[in-house]
Amino acid sequence: MTNADRTRTRSDWSAVRLHVVTGKGGTGKTTVAGALALALAAGGARHGERRVLLVEVEGRQGVAQLFDTPPAPYEERRVAVTPDGGEVWALAIDAEQALLEYLDMFYKLGPAARALRRFGAIDFATTVAPGIRDVLLTGKTCEAVRRRAAPDAGRGADHDRVFHYDAVVMDAPPTGRITRFLAVNSEVSGLARVGPIRNQADAVMRVLTSAQTAVHFVTLLEEMPVQETLDSIAELRDAGLPAGGVIVNQARPVVLPEDRLKKAAEPGGLDLAELADGLRPVGLADPDVVAALAQLGSEHARRVLLESGQRDLLAESGAPMYELPQLADGIDRVGLDTLAAELRRQGAA
Amino acid sequence: MTAATLLDDARRFDLDRLLDAPETRIVVCCGSGGVGKTTTAAAFALRAAERGRDVVVLTIDPARRLAQALGLTELDNTPRKVDGIDRSGGGRLHAMMLDMKRTFDEIVLEHADPERAGQILANPFYQSLSASFAGTQEYMAMEKLGQLRAQADWDLIVVDTPPSRSALDFLDAPDRLGSFLDGRLIKILSAPAKMGGMGAFKLITGGFGLVTGALNKILGSNLLGEVQSFVAALDTMFGGFRERAERTYQLLQTEGTAFVVVAAPEPDALREASYFTERLATDRMPLAGLVLNRVHVPLADITGERALAAAEQLTNGKAKRSTRKVTGAAESAHSPVVPAVAAGAQSDESQARELAAALLRLHAERVALARREGRLSGRFLANHPGIPVLELPAQAEDIHDLEGLRTIIEQSL
């Protein structure tokens, strides 16, 4: 066992090389995907030992914004380096480019490719058959997962490297569309029954349904995202795709002890006199302050109880759960590193 | 002190004036996904109805319990009367949930003879388009809006928009669908079908042969055929989708339509709101105001620093009991190292301190969050002078009844 292996054995997903990250809009899916990529890149023993690719498929340049880099063209670029020398690369996959790439590979199209573009045929093809777009996006991702390391990479760290990337993280479409997006096999079943798209879909499905893939769900502890997460996990399992972990984002710290919480959640449940006594030593026993803090405490208690109910619902899915704190300062690189460290500590990476 | 008081009155979005004005006939709530558009639309509609208007709210994807509260137990594409509203002002509230496939089907049924409609509805390409074309939902929301407006049963329509990542998708969808169905390639593809054979292909240059050849390889020739028959059937039916899309779009530019941009005080949501605001201005669509949803407001008038320092002081007072650190005479004089006997009384006092410290820390966190949110929204406001703002405070619990909808608006005023 090498050093790198030893430092990484605690991950719940050590066999996984493709991490698909989905979530309802507004839950912080892209942020969590970025943090996960950083977490997976960390922990190598030598520089450049861990290399992770973060792909985005929705053409929003969310990854560039997240890492504060210029919008990425259709190419793999290094966007971050971890303190122990791990690398995060990013790729914004463009369906049109990917289609041309494939057509060229299989048909040696040349001038026909230009004609395809001129007639708007590529837009047309991906529009009339949305499955094609999805196959192209997942196909490119799976290609990166399977890509072998160059035999002579000219770097010490690459000696025992089998794959070019140790892991690939996909910032995937939202929960509402994820199963359809990943189940490319059934999506293209009505289309070409033979030929490159078919083969492509089959190859993609082999990777996606294997033990090297996990689909993680990002959620907030709120009713709608939790419901969507549970629905989506069930759908995914029905489709034979591997549901991974549930990552609760923006979890609030609980500041009251459990016995107090239940009482505080009830109207007037916080003892104002007691609170005033507690505040007196610091000269803050002003009735307005007491009332305001009591209201804050009661809101907090209700929120915490509601969240714990949602957490129980999520736990019923049987998926491993991780929690990331809400960051008061927002998400910058420091924030991302904090979240990445948290993911590693909890065994998500 | 609420963050709202930082806004001068000129920047306050006067919601009641908008909702009360008889000229206001349509209110469209836009914004990126996850910012609370549905809730905002429902709350506005309820408010307007209880102030005397005859309102219908078109929701796209409400949370289950909110849907139940609005009486939307089934997705049947027809407005349902909402019970439990205050009708003393003479208003009414109807609510409906958009069924996009059904709306698409209805357009077909309305405009084609039964035989042809049957053909279209059974066409596999039509089925995939109506269920999954990116933008169909947005387009159908607009279509439904047009229908509701034409029905003239209500004097105010409040519209929620589909949960896309970008608010712009709603405005772009009709054009995308229209230009796709009316596009050059579709036209050429539909030509042979119309002329009753493959003859037309002969007229077309070799470049096109390459294209259809490649498309057939990628898509399979059956799909291309289905597209052709679908487009041909549609085309003779009602003279082009683009025209229809344009009409729907124009409805949004008419007087009496007001846009409301909904955003959470988060960088991504505000960025989207910013794009959208600029787009509305470009397209000459009237923006009534920005709704900042889930704003955190400090409840007590204490600075975060003071609260943290006080919490520290209270906790350290307790820490000394454990005799862990005694750094000076003054402190140790305070330090009541009391064994078992007095434990009861002591723990009451220390529990009160613990409670106070915990709530002070919570307050400090709230202040920090409010400050960050204020910074983010302040930047938006500076970049978009003249846009009125309505701040809806964050709620402790999810909103799933009429009372909750009432409360968020009342708290904002």
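Just so you know, the protein sequences line up as chains A and B, in that order.
Residue 245 in the working numbering is what sits at position 245 of the first sequence, and the numbering runs on without skipping anything.
To convert, take the position in the second sequence, counting from 1, and add 349; that gives the working numbering.
Each residue gets a CB set at the ideal place from its N, CA and C atoms; glycine is no exception.
Everything numeric in this text was worked out from a predicted model, so none of it was measured.
Tell me which residue opens and which closes the beta strand (DSSP E) that F393 (chain B) is part of. Unbroken run through F393 (chain B) is the alpha helix (DSSP H), K386 to E399; no beta strand (DSSP E).
Suppose you measure from the CA of A348 (chain A) to the CA of N249 (chain A); what does that come to, to the nearest Å? 13 Å
Which partner residues does D177 (chain A) have in the DSSP bridge list? It is Arg, not Asp, that sits at residue 177 (chain A) in the sequence shown. Answer is none; R177 (chain A) lacks a bridge partner.
Which whole-angstrom value is the C-beta distance of D448 (chain B) and N426 (chain B), which I expect to be below 8 Å? 4 Å
According to DSSP, W503 (chain B) sits in a beta bridge with which residue or residues? Partner(s): none; W503 (chain B) has no beta bridge.
Endpoints, the beta strand (DSSP E) within which I375 (chain B) is located: I375 to C379
Can you check the region 411-447 of chain B for any alpha helix (DSSP H) of at least 4 residues that lies completely inside it and give the ranges in chain order? 413-418
Beta-carbon spacing of A273 (chain A), L305 (chain A) below 8 Å: no
So, using beta-carbon positions, are I757 (chain B) and Q744 (chain B) closer together than 8 Å? yes
In chain order, what residues of the same chain lie with their CB nearer than 8 Å to the CB of L573 (chain B), ignoring the 5 residues before and after it? L538, T561, L564 and N565
Go to V460 (chain B), then tell me how far its alpha helix (DSSP H) extends in each direction, as first and last residue. According to the sequence as given, residue 460 (chain B) is His; it is not Val. Segment M449 to H460, the alpha helix (DSSP H) holding H460 (chain B).
A390 (chain B) versus A701 (chain B): straight-line alpha-carbon distance, rounded: 43 Å
Between G605 (chain B) and P512 (chain B), is the Cβ-Cβ spacing less than 8 Å? no
So, does the CB of P287 (chain A) fall closer than 8 Å to a CB anywhere in chain B? no
Using a C-beta to C-beta distance shorter than 8 Å, which residues of chain A count as neighbours of E746 (chain B)? R302, R303 and L306
Going by C-alpha to C-alpha distance, which of A:A167, A:S210, A:E87 and A:V135 sits closest to S186 (chain A)? A:V135
Between the Cα of A72 (chain A) and those of A:G59, A:P83, A:D84 and A:V81, spot the shortest distance and give me the residue it belongs to. A:G59
Supposed close pair S726 (chain B), L641 (chain B) - CB separation, criterion 8 Å: 6 Å
Is the beta carbon of V644 (chain B) sitting closer than 8 Å to the one on W503 (chain B)? no
Got a sec: is the Cβ-Cβ distance from L494 (chain B) to anything in chain A below 8 Å? no
Which residue from A:I122, A:D329, A:G86 and A:G297 puts its Cα closest to that of E101 (chain A)? A:I122
Flag R702 (chain B) as yes if its beta-carbon sits less than 8 Å from any beta-carbon of chain A, otherwise no. yes
Does the beta carbon of L663 (chain B) come closer than 8 Å to any beta carbon on chain A? yes
Can you give the beta carbon distance from I409 (chain B) to T510 (chain B), rounded, assuming they're within the 8 Å contact cut? 7 Å
At least one CB of chain A closer than 8 Å to the CB of A691 (chain B): is that the case? Bear in mind that a pLDDT of 43 at A691 (chain B), under 50, signals an unreliable position, so the number given afterwards is only what the model happens to contain. Closer than 8 Å: no.
Between the C-alpha atoms of V611 (chain B) and P742 (chain B), what's the straight-line distance to the nearest angstrom? 13 Å
What did DSSP end up calling P325 (chain A) once you bin it into helix, strand or coil? strand
Pull up the DSSP beta-bridge partners for T213 (chain A), would you. A:L18
When the Cα atoms are used, what is the spatial distance from A211 (chain A) to L53 (chain A)? 19 Å
Taking a Cβ distance cut-off of 8 Å, strictly less, list which residues of the region 712-724 of chain B are near chain A, in chain order. H712, E714, R715, A717, L718 and R721
If you reduce the DSSP assignment to three classes, tell me which class A717 (chain B) lands in. helix
A656 (chain B) to P616 (chain B), Cα distance in whole Å? 27 Å
I think E307 (chain A) touches L208 (chain A), with their Cβ atoms under 8 Å apart; what is that distance to the nearest whole Å? E307 (chain A) to L208 (chain A), Cβ: 32 Å. No contact.
Are any of the Cβ atoms in chain B nearer than 8 Å to that of L339 (chain A)? no
I'd like to know whether the C-beta of V24 (chain A) is nearer than 8 Å to at least one C-beta of chain B. Here residue 24 (chain A) is Lys; the residue named in the question, Val, does not match the sequence. Judged by the 8 Å Cβ criterion, K24 (chain A) is in contact with chain B.
For the 8 Å Cβ check, are there 3 or more pairs between the region 36-51 of chain A and the region 77-89 of chain A? yes
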